[in-house]
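Below: one structure, written as structure tokens.
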DNA sequence: ATGAAAGCGCTAACAG
DNA sequence: CTGTTAGCGCTTTCAT
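Following this line, the structure appears as structure tokens:
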């Protein structure tokens, strides 16, 4: 049975009010009493009861990170969670990790919500991460629970107000990457990636924009065998090579896709970057560890997480306030998997 | 301001005691009253206040997953966390994610503990995951906080009582893997991996045992440039090849190490599995996605996590009880990166 | 079967 | 500056 504030008060021969003031670092306490209280705390090995404290203050320093419909094994999501925890810990908050899988086709009121939403007071603000749909967001809104949304994977049909959302810039990365390849003299630049998923769609369109601006024809290739990025990238490259299409550069919509394509090229005796330049997307750890290290678009997942956490804590303190959307910039990291295109044969005139 | 139990009682014209009995599914409630209460709950959109409930019950349905000195980006750790969450959610518990970095050289009483341990009542049981040392474990013990330890990465100098610990079998996996390569006719089988870390040491010894039993000389190679597994595996293979040592098979102490070695072999024109067979360790998702898919030792991380969670919940309910250590078996997954050794040239007699 | 009331540990408001 | 006390929402015990 742990010591309570009463025990400390008795031992220090003061009132519980004084003990409370000492615990919470109130300024106006007689130094001698403060010392006596602190001695009693040490002696009794007293740790405040967080339950009682949060109960009387009617608020819990807990943020729930809800990962919807995605696996934490994906470094994207674990990276964001890690950023969330980092910020929360520094601000004195705790992070509750909840995985939540649901179908987008269930009506909001019929969703079987995660426990953290079935009672109130477990966590006072939610971070909706992973892939989310309108039905769940709507259910959370209806409950009146403060929340912040990871915007990139929020598949919505409603018009979004630019508030209480954090994401990274999914448009300029692919655009910059493609432009970089063009600058290097490449013309047969393929986009490899799924175009069915909305966020891949955005990446594709940015690629197309860069190609068009340079007067080049966009070349998209997607083989969607499974939700296995590597295999799809591999198969897409196989397809391009088997058809005999010219290819000197690839922008892959995700690092894992790039790795698959890379292995396919290698299998066909094509060297990266000698024969084909490759740019990935995401900058997971593996990218820098390839031989040669892979050029890719870096998304600062930790920063995305920290920003989500910061906004969540602000919302928790001011549930009615609306915080403007934050978009985290991305950056092209140039490494060894890209190089200038071989000079084109001079046309005979 | 959310509705409280009082509001429900007033609306249903019953006492708060009755409302409590309905909420908690007590059997002896008049069906008519129960119906009235439920109607009031719906009408007021009442959700019980978890804070008040846990306060009066003096226990919180929260387990803290403390990841020490490791990154959640490593699929090992995120896989375990995901298993923990899965079990906890099904049992009505919540998971608090805490990252905690510390030095093993600080005395237990001088450690700056994570917030979840500085007050009590935030979480009632801890899962100590990641890499842990005696000082932290001792500090947790001194606080009298119930806890369960992931045993594989617990670096200890104390004699361990086989209780309140969960781990996977780090001995039979490497042994089986090596024996399998021997069965395939390989003789020049290299172990690639760090031997400085204790758990890698165990894997190495098991490899050595299998080699010795077959009358073969163990061949260990470690290049430890950094904590980058891929690069170390790559460099280790480079070393073997540059020295011109014979090699027809490799057991790598971790999948990422295997990937690095694989790429080095490929660079040197050696095909897997035609020229070299490779066995990895861990069975991260990428292993099955290689071309060909990689033979590896599967560690069921989710099961490790679920087992940790189950024991944590038991400890939480019976803090004094001691639960026998659980060791999760591993299994060799045979895939395309291994094949029988080419027949040795028949010695001229 | 139901209502009334004590009390969980703490904070904060108030009185002195 | 310090002590006293109400009260947070709920469960549980004790009457009835």
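Residue numbers (the numbering used here), protein chains in the order written: chain H, 1 to 349; chain Y, 350 to 698.
Using N, Cα and C, we set each Cβ at its ideal position, and we do this for glycine too.
- Interface annotation for the stretch 149-163 of chain H against chain Y: empty, criterion Cβ-Cβ distance under 9 angstroms.
- Neighbourhood of residue 281 of chain H in chain Y, by CB distance below 8 angstroms: empty, with the nearest CB roughly 17 angstroms away.
- Between residue 295 of chain H and residue 282 of chain H, the C-beta spacing is not below 9 angstroms.
- Per DSSP, the beta-bridge partners of residue 445 of chain Y are H:96 and Y:413.
- For residue 177 of chain H, the closest of H:335, H:8, H:16 and H:18 by C-alpha to C-alpha distance is H:335.
- Between the stretch 375-389 of chain Y and the stretch 97-107 of chain H, the count of C-beta pairs closer than 8 angstroms stays below three; the two stretches do not touch.
- According to the DSSP assignment, residue 308 of chain H belongs to no beta strand (DSSP E) but to the alpha helix (DSSP H) extending over 301-317.
- Cβ proximity to chain H below 7 angstroms picks out 577, 579, 580 and 583 from the stretch 570-594 of chain Y.
- Sequence-distant Cβ neighbours of residue 179 of chain H in its own chain, meaning closer than 7 angstroms and more than five residues away, are 210.
- Only exposed fits residue 213 of chain H, as fewer than 16 other CB atoms lie within 10 angstroms of its CB.
- Assigned with DSSP and collapsed to three states, residue 422 of chain Y falls in coil, not helix or strand.
- With respect to the C-alpha of residue 324 of chain H, the residue from H:231, H:269, H:141 and H:314 having the closest C-alpha is H:314.
- Using beta-carbon distances, residue 50 of chain H counts as an interface residue toward chain Y, with a partner under 9 angstroms.
- In the structure shown, residue 375 of chain Y falls within a coil segment according to DSSP collapsed to helix, strand and coil.
- Counted as a single uninterrupted DSSP element, the beta strand (DSSP E) harbouring residue 644 of chain Y occupies residues 644-647.
- Any Cβ of chain H closer than 9 angstroms to the Cβ of residue 435 of chain Y would place that residue at the interface, and such an atom is present.
- Under the Cβ distance rule, residue 495 of chain Y does not count among the residues neighbouring chain H, no pair being separated by less than 9 angstroms.
- Counting C-beta pairs with one atom in each stretch, the stretch 423-439 of chain Y and the stretch 50-61 of chain H have fewer than three that are closer than 8 angstroms, which means they do not touch.
- Annotation: residue 593 of chain Y is outside any alpha helix (DSSP H) and is labelled neither H nor E by DSSP.
- Assigned with DSSP and collapsed to three states, residue 42 of chain H falls in helix.
- If you look at residue 252 of chain H, you'll find it isn't in any alpha helix (DSSP H); it sits in the beta strand (DSSP E) that goes 249-252.
- Cβ contact annotation for residue 675 of chain Y (same chain, cutoff 6 angstroms, sequence separation greater than five): 515 and 656, in chain order.
- Bridge partners of residue 570 of chain Y according to DSSP: Y:541.
- Three or more pairs of CB atoms, one per stretch, sit closer than 8 angstroms, so the stretch 539-555 of chain Y contacts the stretch 592-611 of chain Y.
- With its beta carbon at least 9 angstroms from every one in chain H, residue 374 of chain Y lies outside the interface.
- Those residues of the stretch 466-480 of chain Y placed with their C-beta closer than 9 angstroms to a C-beta in chain H are 466, 467, 468, 469, 470, 471 and 472, ordered along the chain.
- Burial of residue 277 of chain H is indicated by the presence of at least 16 other C-beta atoms within 10 angstroms of its C-beta.
- Relative to the Cα of residue 554 of chain Y, the nearest Cα in the group Y:565, Y:591, Y:670 and Y:520 belongs to Y:520.
- Cβ contact annotation for residue 598 of chain Y (same chain, cutoff 8 angstroms, sequence separation greater than five): 530, 533, 535, 537, 538, 539, 625, 626, 627, 628, 687 and 690, in chain order.
- When Cβ-Cβ separations below 9 angstroms define contact, residue 285 of chain H makes contact with chain Y.
- For residue 266 of chain H, at least one C-beta of chain Y is nearer than 9 angstroms to its own C-beta.
- Within the stretch 430-514 of chain Y, the beta strand (DSSP E) runs of at least 3 residues that lie entirely inside it are, in chain order, 443-449, 474-479 and 496-499.
- Among the residues of chain H, none has a CB under 9 angstroms from the CB of residue 622 of chain Y; the nearest is roughly 14 angstroms distant.
- Excluding residues up to 5 positions away in sequence, 552, 555 and 556 lie with their Cβ nearer than 6 angstroms to the Cβ of residue 523 of chain Y in the same chain.
- Straight-line spacing of the CA atoms in residue 126 of chain H and residue 143 of chain H works out to 12 angstroms.
- Taking C-beta separations shorter than 6 angstroms and ignoring five residues to either side along the sequence, the partners of residue 448 of chain Y in its chain run 416, following chain order.
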